[in-house]
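All letters in the sequence shown, in the order written, are residues 74 to 578 by the numbering used here.
For glycine and all other residues, C-beta sits at the position ideal for the given N, C-alpha and C.
Bear in mind that the values here come from a model prediction, so they are computed numbers and not experimental data.
Report on one structure; see the data block that follows.
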Amino acid sequence: MSERITRPPSDSAVSAPQNNSPEPHLARSLSSRHIQLLAIGGAIGTGLFMGSGKTISVAGPSVIFVYAIIGFMLFFVMRAMGELLLSNLNYKSFSDFSADLLGPWAGFFTGWTYWFCWVVTGIADVVAIAHYVTFWWGSAPLWIPALACILLLLALNLPSVKAFGETEFWFALVKIVAILTLIVVGLVMILTGFTHGDGVTAGFGNLWEHGGFFPTGPMGFVAGFQIAVFAFVGIELVGTAAAETKDPEKNLPRAVNSIPIRILLFYVGALAILMAVVPWDEFSADESPFVGMFTLAGLGTAAAVVNFVVLTSAASSANSGIYSTSRMVFGLAHDGDAPRPFGRLSRRKVPQNALFFSCTFLLAGVVLLYAGESVSAAFTLVTTISALCFMFVWSIILASYLVYRKRRPQLHAASKFPMPGGVVMVYAVFAFFAFLLWALTTQPDTLQALLVTPIWFVLLGIVYAFLRRTPVHQARVAAHRDAVARERAGLADAGLADAGTPVRG
74 MSERITRPPS
84 DSAVSAPQNN
94 SPEPHLARSL
104 SSRHIQLLAI
114 GGAIGTGLFM
124 GSGKTISVAG
134 PSVIFVYAII
144 GFMLFFVMRA
154 MGELLLSNLN
164 YKSFSDFSAD
174 LLGPWAGFFT
184 GWTYWFCWVV
194 TGIADVVAIA
204 HYVTFWWGSA
214 PLWIPALACI
224 LLLLALNLPS
234 VKAFGETEFW
244 FALVKIVAIL
254 TLIVVGLVMI
264 LTGFTHGDGV
274 TAGFGNLWEH
284 GGFFPTGPMG
294 FVAGFQIAVF
304 AFVGIELVGT
314 AAAETKDPEK
324 NLPRAVNSIP
334 IRILLFYVGA
344 LAILMAVVPW
354 DEFSADESPF
364 VGMFTLAGLG
374 TAAAVVNFVV
384 LTSAASSANS
394 GIYSTSRMVF
404 GLAHDGDAPR
414 PFGRLSRRKV
424 PQNALFFSCT
434 FLLAGVVLLY
444 AGESVSAAFT
454 LVTTISALCF
464 MFVWSIILAS
474 YLVYRKRRPQ
484 LHAASKFPMP
494 GGVVMVYAVF
504 AFFAFLLWAL
514 TTQPDTLQAL
524 LVTPIWFVLL
534 GIVYAFLRRT
544 PVHQARVAAH
554 RDAVARERAG
564 LADAGLADAG
574 TPVRG
């Protein structure tokens, strides 16, 4: 049986973590600036630059509340993840603590679903990058920039995790500069009373003077959630980088705690400025509102600038996807949930076999480039499926937190990074996810994705049904069952909690 370094000590699941395993270790090479920019890059998706036009057109100014509510709820998911990761520094990702707390099945489903999420997103990014490159190189066959993108990202990730961190640092910096520039330019236009060609004057009154904050009604507000939730996929990236972060007890909390201010600035602030300069009903669902803003400001190169920013954002997303999927497959291999060769590290502590495996699937994006008019419809389907699968991963994080509070109250009591709101907020976020699922049923295209997504989990269930019969997995299931029994017995003896009663507070 392949023992994994993330499993708590057998004598007590709540004792201090040990790390005496001879298994290969990932290198802790990501510095504070790397993890901070990785968190920002994960929180700012391509959807903000390209999808916000459609979100504004369906929800109006209420889109500000849409992004704020989603960001508020996901902050608690990140805090739950942070407390769990810091409760045992041998955990390398949320797949590790889900397997430890919920059982081996959870690690299998979470790890492969997260891999699937990023592969689907990465394929979409590769296709998008190929089309963005044609802005400058219109005569180029689409497969050339797509293949070049995959090879470049592979080359950037192979040397070391620090190389990935540096690449993502600059990718994220481009997005930050673009958004801050938009906010500054927009504020100048508002304060100087800039007037459009159609006679509309820039001002914050435009947020409520064109039908109010909810001009498209309650269902328009609901429709905004369908589109906006995809912009937040990747917010959990700091969780996959936990094992390669220097001083995680310091840097991980800093990255997670800064999420609210980033959401307020980069989403709420930027969109409020956009709609204050240009009334919401003048935005086109098919165009980036960033282009419109810079064009109004007299920047003739607006299209080229925003095209570069969106290209960088898509490359950042694909880069993050390659990184996170390779680390997840590496972890799965050590649990016996993926072929053993994927668990090997190169001399530079990079899981290169897992990296090659994930990049191979991105080649499907090259095939999609020649799918014709069906590409747009396919993208709507796959991005919704991706968002649904990310919601599953976020839900597993919360479910793991509930079990952690029930079985390991000592660790929660000693935590230096406890989740605010505790168990109550977990159920509040679950209720919000239920609302999102209902919202996805209100439109035909998202409903179709909602009905198709269970196929993935059925396939995983079939594979796991066979995998569970192997001696390795039978031993893991038995070990997990014994560990749970010991924890419950220990809690009962200590009088901390009844075996069936969650510890609250």
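Consult DSSP for Thr268 and reduce its assignment to one of helix, strand or coil. Within the sequence shown, the letter at position 195 stands for residue 268. Of the three classes helix, strand and coil, the one that applies to Thr268 here is strand, per DSSP.
On the three-state DSSP scale, how would you describe Thr374? If you number the sequence shown from 1, residue 374 lands on position 301. Three-state result, Thr374: coil.
With DSSP as the reference, identify every bridge partner of Thr605, one or two as the case may be. Nothing about residue 605 can be reported from this structure: the residues present for the chain run from 74 to 578 only.
Short of 6 Å in beta carbon distance, which residues of its chain neighbour Ala251, apart from the five on each side in sequence? Order them along the chain. As a working mapping, residue 251 is identified with position 178 in the sequence shown. For Ala251, same chain residues with a beta-carbon under 6 Å away, outside a window of 5 residues either side, are Val382 in chain order.
Along the chain, where does the alpha helix (DSSP H) containing Lys127 start, and where does it finish? Your numbering for residue 127 matches position 54 in the sequence shown. Looking at the DSSP string, the run of the alpha helix (DSSP H) that includes Lys127 is Ser125 to Ala132.
Stretch-stretch touch, CB-based, cutoff 8 Å, three pairs: the stretch 520–531 with the stretch 454–466: The answer is yes - the stretch 454–466 touches the stretch 520–531, with three or more Cβ pairs under 8 Å.
Helix, strand or coil: which one does DSSP assign to Met492? Translated into positions along the sequence shown, residue 492 becomes position 419. Looking at Met492 - three-state DSSP - the assignment turns out to be coil, as it is neither helix nor strand.
On the DSSP letters alone, give me the boundaries of the alpha helix (DSSP H) that Glu156 sits inside. Here residue 156 corresponds to residue number 83 of the sequence shown, with the count starting at 1. Glu156: member of the alpha helix (DSSP H) spanning Val136 to Ser160, first to last residue.
Could you give the DSSP three-state label for Arg577: helix, strand or coil? Within the sequence shown, the letter at position 504 stands for residue 577. Any reading at Arg577 must be qualified, since the residue scores a pLDDT of 34, below 50, and its modelled position is unreliable; the value itself is stated next. Coil at Arg577, not helix or strand.
Rounded to the nearest angstrom, what separates Leu405 and Met146 at their Cα positions? Here residue 405 refers to the residue found at position 332 when the sequence shown is read from its first residue. Here residue 146 refers to the residue found at position 73 when the sequence shown is read from its first residue. CA-CA distance, Leu405 to Met146, rounds to 28 Å.
From the DSSP output, in three-state form, read off Trp356 for me. Stepping through the sequence shown from its first residue, residue 356 is reached at position 283. Here residue 356 is Phe; the residue named in the question, Trp, does not match the sequence. Coil.
Bounding residues of the alpha helix (DSSP H) (the contiguous stretch that carries His283): As a first step, residue 283 must be located in the sequence shown, where it is residue number 210. Going by DSSP, His283 is part of no alpha helix (DSSP H) at all; its letter is neither H nor E.
Is there contact between the stretch 296–309 and the stretch 506–518, where contact requires at least three CB pairs shorter than 8 Å? By the C-beta criterion, the stretch 296–309 is judged to be in contact with the stretch 506–518, since at least 3 inter-stretch pairs fall below 8 Å.
For a test of the three-state rule: what should DSSP assign to Ala213, helix, strand or coil? As a working note, residue 213 is residue 140 in the sequence shown. For Ala213, the three-state secondary structure derived from DSSP is coil.
Option nearest Ala388 by Cα separation, candidates Lys248, Phe149 and Pro288: Here residue 388 refers to the residue found at position 315 of the sequence shown. Closest in alpha carbon position to Ala388, among Lys248, Phe149 and Pro288, is Lys248.
Does any heavy atom of the ligand NAP sit closer than 7 Å to the C-beta of Asp198? This structure does not include the ligand NAP; it has no bound ligands of any sort.
Quick one, are the C-beta atoms of Ala197 and Pro218 less than 8 Å apart? Counting from 1 along the sequence shown, the entry for residue 197 is found at position 124. Counting from 1 along the sequence shown, the entry for residue 218 is found at position 145. It is not a contact, given that the beta carbons lie outside the stated cut-off.
Same chain only: Cβ atoms within 7 Å of Asn380, ignoring 5 sequence neighbours per side: Here residue 380 refers to the residue found at position 307 when the sequence shown is read from its first residue. Around Asn380: Tyr205 and Phe208.
Helix, strand or coil at Val545 according to DSSP, with G and I counted as helix: Within the sequence shown, residue 545 is the residue found at index 472, counting from 1. In the three-state DSSP reduction, Val545 falls in the helix class (H, G or I).
Applying the 10 Å Cβ sphere with the 16-neighbour rule, what's the burial state of Glu309? By one-based count along the sequence shown, residue 309 stands at place 236. The residue is buried, with at least 16 neighbouring Cβ atoms inside 10 Å.
Please classify Gly394: does DSSP put it in a helix, a strand, or coil? Position 321 of the sequence shown holds residue 394. Gly394 falls in the helix class under three-state DSSP.
Note the first and the last residue of the continuous alpha helix (DSSP H) segment covering Lys323. The residue you call residue 323 lines up with position 250 of the sequence shown. Residues Pro321 to Asn330.
Just to confirm before moving on: does the CB-CB distance between Thr240 and Asn392 stay below 8 Å? Indexing the sequence shown from 1 puts residue 240 at position 167. Indexing the sequence shown from 1 puts residue 392 at position 319. At the C-beta level, Thr240 and Asn392 come within 8 Å of one another.
If I measure Cβ to Cβ from Phe170 and keep anything under 6 Å in the same chain, skipping five residues before and after, which residues do I get? Taking the sequence shown and counting its residues from 1, the one referred to as residue 170 is at position 97. Apart from sequence neighbours up to five positions away, the residues of its chain that approach Phe170 with a beta-carbon distance below 6 Å are Leu157, Tyr164 and Ser473, ordered along the chain.
Note down the Cα distance separating Phe277 from Ser331, rounded to an integer number of angstroms. Locating residue 277 in the sequence shown gives position 204, counting from the first residue. Locating residue 331 in the sequence shown gives position 258, counting from the first residue. Rounded to whole angstroms, Phe277 to Ser331 spans 27 Å at the Cα level.
If you draw a straight line from the alpha carbon of Thr457 to that of Trp191, how long is it in whole angstroms? As a working note, residue 457 is residue 384 in the sequence shown. As a working note, residue 191 is residue 118 in the sequence shown. When the Cα atoms are used, Thr457 and Trp191 turn out to be separated by approximately 13 Å.
Express the C-alpha separation of Ser135 and Arg413 in angstroms, rounding to a whole number. Translated into the one-based positions of the sequence shown, residue 413 becomes position 340. Translated into the one-based positions of the sequence shown, residue 135 becomes position 62. Their backbone Cα atoms lie some 50 Å apart in a straight line.
What do you get for Ile334, buried or exposed, if any count of 16 or more other CB atoms within 10 angstroms of its CB means buried? Here residue 334 is taken as the residue at index 261 of the sequence shown, counted from 1. Ile334 counts as exposed, since fewer than 16 other beta carbons sit within 10 angstroms of its beta carbon.
Reference Leu454; option with closest CA among Leu246, Leu520 and Ala377: Against the sequence shown, residue 454 aligns to sequence position 381. Among Leu246, Leu520 and Ala377, the Cα nearest to that of Leu454 belongs to Leu520.
Tell me which residue opens and which closes the alpha helix (DSSP H) that Tyr205 is part of. Along the sequence shown, read from residue 1 onward, the residue named residue 205 stands at position 132. Run containing Tyr205: Pro177 to Val206, per the alpha helix (DSSP H) assignment.
Alpha helix (DSSP H) segment containing Tyr164, residue limits: Numbered from 1 along the sequence shown, position 91 holds the residue referred to as residue 164. No residue range can be given for Tyr164, since it is assigned to no alpha helix (DSSP H) and is classified by DSSP as neither H nor E.
Taking buried to mean at least 16 other C-beta atoms within 10 Å of its own C-beta, is Ala201 buried or exposed? As a first step, residue 201 must be located in the sequence shown, where it is residue number 128. The residue is buried, with at least 16 neighbouring Cβ atoms inside 10 Å.
Where do the N-terminal and C-terminal ends of the alpha helix (DSSP H) with Ile535 fall, by residue? Taking the sequence shown and counting its residues from 1, one reaches residue 535 at position 462. If you look at Ile535, you'll find it in the alpha helix (DSSP H) that goes Pro527 to Leu540.
If I'm right that Leu418 touches Leu461 with Cβ under 8 Å, what's the distance once you round it to whole angstroms? Numbered from its first residue, the sequence shown carries residue 418 at position 345. Numbered from its first residue, the sequence shown carries residue 461 at position 388. Not confirmed; about 32 Å, so no contact.
With 16 other CB atoms within 10 Å as the buried threshold, where does Met366 fall? Taking the first residue of the sequence shown as 1, we reach residue 366 at position 293. Buried, since its Cβ has 16 or more Cβ neighbours within 10 Å.
Counted within 10 angstroms of its Cβ, other Cβ atoms place Tyr187 as buried (16 or more) or exposed: Here residue 187 refers to the residue found at position 114 when the sequence shown is read from its first residue. Label assigned to Tyr187: buried.
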